[in-house]
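Engineer:
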Amino acid sequence: MSTPEAPAGRRREVLDLLRGSAGSLSVAEVADRLDAHPNTVRFHLDALVRAGRVERVRLPPSGPGRPPLVFRARPGMDPAGPRNYRALAAVLAEGLAAGPDPAANAVAAGRAWGARLLEPRDAVVPTEAGVRTLVGLLDDLGFEPEWPSSGSAERVGLRHCPFLEVARARAEVVCSLHLGLMRGAVASLGAPVTVDRLEPFAEPDLCLVHLSTPDSTTRGGGR
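Below, the structure written as structure tokens:
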């Protein structure tokens, strides 16, 4: 007795058939060409439509009744296919590390990145609101920030690094990029907050961002 074909394999056959077809195909035509049940074909077509691989097409009417619904493959590569951004990040970090003054170049790249992530404000943002906005941005980016950290409002703890493997290999690039990111973000806000430095792995599970604000300056620093 033959075993049922795995859905992924049958779905690939449906997609390959549509890709190789000169025109759009109906459910019945796909089922006939693949020797499959129309309900099975309809199930896989619906899944491919949801994944953005196939689109439904309504043919122009040619007589009484509703025109048939047909399907065709969408052009382009698979939007849900595998990615390897870690390798890309490693290659880019290696490229920065090989150039002159990699830390300074990474900070500059990070500043440009951070400035794009927040809309510039027309009015000066108060100190606490500026820090909270920065912390919210870091949270959105996956740094798992905690503030205040280590008992100080001038420190933001980062409990996770979204680029951990690359940071371990190229800390001078990745950590400098993160420092520039934060500086670019607060500059875009216009908040009276300065990101002085980033202390990577101050503890095994914690990086520390050191800030200075008008209040900390008045107290003689906050580092």
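Residues in the sequence shown are numbered consecutively from 70, following my numbering. Just so you know, even glycine gets a beta-carbon here, dropped at the ideal spot from N, CA and C.
1) Along the alpha helix (DSSP H) that carries Val235, what are the first and last residues, could you check?
2) Terminal residues of the continuous beta strand (DSSP E) containing Val139?
3) Can you list, in chain order, the residues of its chain whose CB lies under 7 Å from that of Phe130, leaving out five sequence neighbours each side?
4) Could you tell me the alpha carbon to alpha carbon distance between Ser14 and Asn153, rounded to whole angstroms?
5) Give me, in chain order, the residues of the same chain whose beta-carbon lies closer than 7 Å to that of Pro273; leave out the 5 immediate sequence neighbours on both sides.
6) Taking 8 Å as the threshold (C-beta atoms), are Gly259 and Val194 in contact?
7) So, is Glu234 buried or exposed, given that buried needs 16 or more other C-beta atoms within 10 angstroms?
8) With a Cβ-Cβ cutoff of 8 Å, do Leu203 and Val255 count as a contact?
9) Do you know how far the Cα of Leu207 is from the Cα of Ala275?
10) I'd like to confirm the pairing. Which residues does DSSP put opposite Pro52 in its beta bridges?
11) Please work out which residues of its chain come closer than 6 Å, Cβ to Cβ, to Ser257, disregarding the five sequence neighbours upstream and downstream, and give them in chain order.
12) Kindly list the residues whose CB is nearer than 6 Å to the CB of Arg266, restricted to its own chain and excluding five residues on each side of it in sequence; keep chain order.
13) Is Gly253 closer than 8 Å to Trp295 when the C-beta atoms are compared?
Structural biologist: Straight from the coordinates:
1) Taken as a continuous stretch (DSSP letters only), the alpha helix (DSSP H) holding Val235 covers 233-238.
2) 138-142
3) The sequence shown places Pro at residue 130, not Phe. If we look at Pro130 and ignore the five residues flanking it on each side, its Cβ neighbours are Pro136.
4) Because the chain is modelled from 70 through 292, residue 14 falls outside the range shown and cannot be assessed.
5) none
6) yes
7) exposed
8) yes
9) The amino acid at residue 275 is misidentified as Ala; the sequence shows Leu. Cα to Cα, Leu275 sits roughly 14 Å from Leu207.
10) Here the chain comprises residues numbered 70 to 292, so residue 52 is not present and cannot be evaluated.
11) Ala184, Leu187, Pro189
12) His279
13) Examination of residue 295 is not possible in this model, given that the chain is present from 70 through 292 alone.
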